[in-house]
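Accompanying notes for the structure given below.
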Ligand SMILES: Cc1cc2nc3c(=O)[nH]c(=O)nc-3n(C[C@H](O)[C@H](O)[C@H](O)COP(=O)(O)OP(=O)(O)OC[C@H]3O[C@@H](n4cnc5c(N)ncnc54)[C@H](O)[C@@H]3O)c2cc1C
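Chains as they are written, first to last, in our numbering: chain A, 7 to 378; chain B, 115 to 510.
Right under this line is the structure:
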């Protein structure tokens, strides 16, 4: 048992922290609410230079061949500063291509992605299908060698700027849901930005008889689909890591504030009520951190992680709500101000809680795991 | 004991309901506005609404007729408040401040002239007060306030800064707490003033809140001359008036009615919405959460009812008001959680989109509910009041 990062991981962590602290203060998230694209190209290019976009891509495809813990470290650092942009959607999509794509697809997409030249995003949710794969109804119909996609996806991150959208659709060949690589600008793809809480660029995407040529079919329909669940699992854990970073920042900001802000002639941190709030936050954040690391480590080690991922998301989602609310409470009225950063973390935490299923969804998985 | 309204009161409720249903402006409903969202348009609607209520004598229902009220009982006020919150009228914080807090204090401590000058127009919905209490270094520790009012000629010269002053940019007058004696213990040197917001030397600077709206402000006082006749009550006794003003805080009955209204909307939504192939209304977790909320709303309603009842008995609600304030603030937090859970990912979408359920009300609730446990005295402070004043536990 060793709950510490390796030396390399620690290096990555401090490098990521320092880089983001300088290049991406939380205020960037606020700036991006007016920005249609939703990210800073300069920052994106620098992240590509640092190898972050190819963090889990093997060297033969132009990446740096790291593992899931490296990705988690980066995600956590991004969460700590509310970093906006298509990093998460791109990297988790890349993971699906890496594990399920043909050699040609990998050659075509991964090196470009690692260089920061491609933006990718998974399109999974639908108006009536929130998180369960079984409810997906977007249809993929065979026409010769190609497939024709028809349906509406919701909450697709960055679809409006994506080069490829990984669309989960139900094929008529009887084996359920497969993933299709749809070019973002393909005829029949219509994106509309949703005006969302965390100023993130989530879209409604309508696929209106979109033709997907054979070379862009990610999973051979007819075979048992195997990409979607691992994709969701990894995305869930990466999302938890991002949330942990945000929650730690909330705790840090709050403790600092409690030491500085004086009322009744003493720091508010000397009042037991405030101390207990801070203590409750620590319990939540520490719990979230280690249960997330456990799941990330299992993924890194190539072990089954379904149960651990579900537990991580269940706990972290609830913790996120409690921690951010206490953070606001201890800050008093100042946190209700747009100028202050607390609401950015509050918004991000809620968006994170919603992404890939809230605690109820994951508790249900845990319950199934218990044999219920 | 009787947990029931009299037939006359029930009659009044029906009358209120009928009037409100007819009178709430369509535009207000279309906008899906919430009372804390302050825009020029919403303010215009609110002002118009208050005048309309004023004409009926409903704005200051319990005030004596000589000040523009109808001399009705607190129970009827409860009923009116409850119905207004249930339907979501344009009544906002300006009414709580002006009618609920400031004017009743003037009614007790004010001079005859002050009463004549401020109460009737307030009851007609024509004037609005803002509360000049908090300062950058005087939040929970309000008595630490530093804004000074120094006697000069037949008036006072005010200097200092206030913060978080809700609707200062709309208000006609500021109900100002200022230090008139710096030499005595901090509670003993504070006085209350009515300050005309148009007086030279007052600067109002907007603070945009996290919902993106301009509702509160910083207010700067730079050699502001306040006539002596605007001092309310005795000089240096302002702290006690402040404490009295607290007793006039409304019964807080808006919160349970709001929760109830939201629960009803959510119930409807759950009956119509499928998630992953299953009707939300069939989800036992959701059913229990909604049921729990309606129980809690009922508990809060009864707690508010107790405050009203104390008032009708001529008693002064004390820790009881803190009980319902904390419980209400925390209940709004739980309402937020349940709402966001039920609306799921859709709760992130702001109104204006066809994908925003309930006109984006979940998102609005999410952004505003945290402030409920802060404004008007934080939950922590309220709990200390319950413990010390209510239970007699020792102060630290
Ligand atoms: C929406 C909104 C509207 C407002 N409108 C007005 C207005 O119109 N006019 C006006 O004057 N003010 C207004 N306020 C300000 C409000 O009254 C103050 O925010 C409140 O009194 C708390 O002060 P603070 O924000 O400075 O927090 P602080 O007093 O700094 O408190 C910070 C934290 O420390 C805790 N704390 C402080 N002292 C203690 C203690 N002794 N024991 C335990 N815990 C403690 C608090 O509970 C809180 O969690 C408004 C605030 C909000 C949020």
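C-beta: ideal position from N, C-alpha, C; glycine also.
All values derive from a computational prediction rather than experimental measurement.
Please classify residue i as buried or exposed, where buried requires at least 16 other C-beta atoms within 10 Å of its C-beta.
i	result
residue 203 (chain A)	buried
residue 184 (chain A)	buried
residue 498 (chain B)	buried
residue 155 (chain A)	buried
residue 416 (chain B)	exposed
residue 185 (chain B)	exposed
residue 299 (chain B)	exposed
residue 218 (chain B)	buried
residue 12 (chain A)	exposed
residue 409 (chain B)	exposed
residue 239 (chain A)	buried
residue 293 (chain B)	buried
residue 403 (chain B)	buried
Looking at the strands, I want to know which residues DSSP matches up with residue i.
i	result
residue 273 (chain B)	B:262
residue 305 (chain B)	B:292
residue 331 (chain B)	B:320
residue 475 (chain B)	None, per the DSSP bridge assignment.
residue 343 (chain A)	B:323
residue 356 (chain A)	Residue 356 (chain A) pairs with nothing; no bridge assigned.
residue 227 (chain A)	A:229
residue 246 (chain B)	B:290
residue 463 (chain B)	A:202
residue 177 (chain A)	A:146
residue 338 (chain B)	B:272
residue 213 (chain A)	A:157 and A:195
Could you give the C-beta distance for residue i and residue j, rounded to a whole number, given that I count them as a contact under 8 Å?
i	j	result
residue 314 (chain B)	residue 331 (chain B)	With a Cβ gap of about 18 Å, residue 314 (chain B) and residue 331 (chain B) do not count as contacting.
residue 316 (chain B)	residue 333 (chain B)	7 Å
residue 463 (chain B)	residue 164 (chain A)	Wrong, their Cβ atoms sit about 16 Å apart, outside the cutoff.
residue 334 (chain A)	residue 287 (chain A)	Wrong, their Cβ atoms sit about 11 Å apart, outside the cutoff.
residue 407 (chain B)	residue 400 (chain B)	Not confirmed; about 11 Å, so no contact.
residue 281 (chain B)	residue 225 (chain B)	Contact flag wrong, Cβ pair sits at about 26 Å.
residue 307 (chain A)	residue 372 (chain A)	Incorrect: roughly 21 Å between the Cβ atoms, too far for contact.
residue 208 (chain B)	residue 284 (chain B)	7 Å
residue 194 (chain A)	residue 216 (chain A)	4 Å
residue 480 (chain B)	residue 356 (chain A)	7 Å
residue 477 (chain B)	residue 369 (chain B)	Residue 477 (chain B) to residue 369 (chain B), Cβ: 19 Å. No contact.
residue 150 (chain A)	residue 175 (chain A)	That belief does not hold up - the Cβ atoms of residue 150 (chain A) and residue 175 (chain A) are roughly 17 Å apart, past 8 Å.
For residue i, decide whether its Cβ has a neighbour in chain B, counting only Cβ atoms nearer than 7 Å.
i	result
residue 238 (chain A)	no
residue 24 (chain A)	no
residue 362 (chain A)	no
residue 379 (chain A)	With chain A running from 7 to 378 in the structure shown, residue 379 (chain A) is simply not present.
residue 270 (chain A)	yes
residue 334 (chain A)	yes
residue 136 (chain A)	yes
residue 395 (chain A)	Outside the modelled stretch of chain A, which goes from 7 to 378, sits residue 395 (chain A), for which no answer is possible.
residue 161 (chain A)	yes
residue 343 (chain A)	yes
residue 375 (chain A)	no
Got a sec: is the Cβ-Cβ distance from residue i to anything in chain A below 7 Å?
i	result
residue 494 (chain B)	yes
residue 344 (chain B)	no
residue 324 (chain B)	yes
residue 488 (chain B)	yes
residue 355 (chain B)	no
residue 320 (chain B)	no
residue 213 (chain B)	no
residue 463 (chain B)	yes
residue 254 (chain B)	yes
residue 389 (chain B)	yes
residue 121 (chain B)	no
residue 250 (chain B)	no
residue 477 (chain B)	yes
Can you pull the chain E residues whose beta carbon is under 7 Å from the beta carbon of residue i, in chain order?
i	result
residue 210 (chain A)	The question asks about chain E, but that chain is absent: this structure's protein chains are A and B.
With a floor of 4 residues, list each alpha helix (DSSP H) that falls wholly inside the segment 56-113 of chain A, ordered by position along the chain. Those alpha helix (DSSP H) runs which fall completely within the segment 56-113 of chain A and span 4+ residues are 74-86 and 93-106.
Residue ranges of each beta strand (DSSP E) run of no fewer than 3 residues wholly in the segment 102-170 of chain A, ordered along the chain? DSSP runs (the beta strand (DSSP E)) wholly in the segment 102-170 of chain A: 126-129, 145-149 and 152-163.
Curious, which full-length alpha helix (DSSP H) runs of at least 4 residues does the segment 7-31 of chain A contain? Correct list: 13-29.
In the segment 255-314 of chain A, which residue ranges form an unbroken alpha helix (DSSP H) of at least 4 residues, counting only runs that do not cross its ends? Listed in chain order, they are 278-306.
Enumerate, from N- to C-terminal direction, the unbroken alpha helix (DSSP H) stretches of 4 or more residues contained entirely within the segment 124-200 of chain B. Contiguous alpha helix (DSSP H) elements confined to the segment 124-200 of chain B occur at 140-145 and 154-170, taking only those with 4 or more residues.
Curious, which full-length alpha helix (DSSP H) runs of at least 4 residues does the segment 349-424 of chain B contain? Segments of the alpha helix (DSSP H) lying fully in the segment 349-424 of chain B: 352-361 and 368-386.
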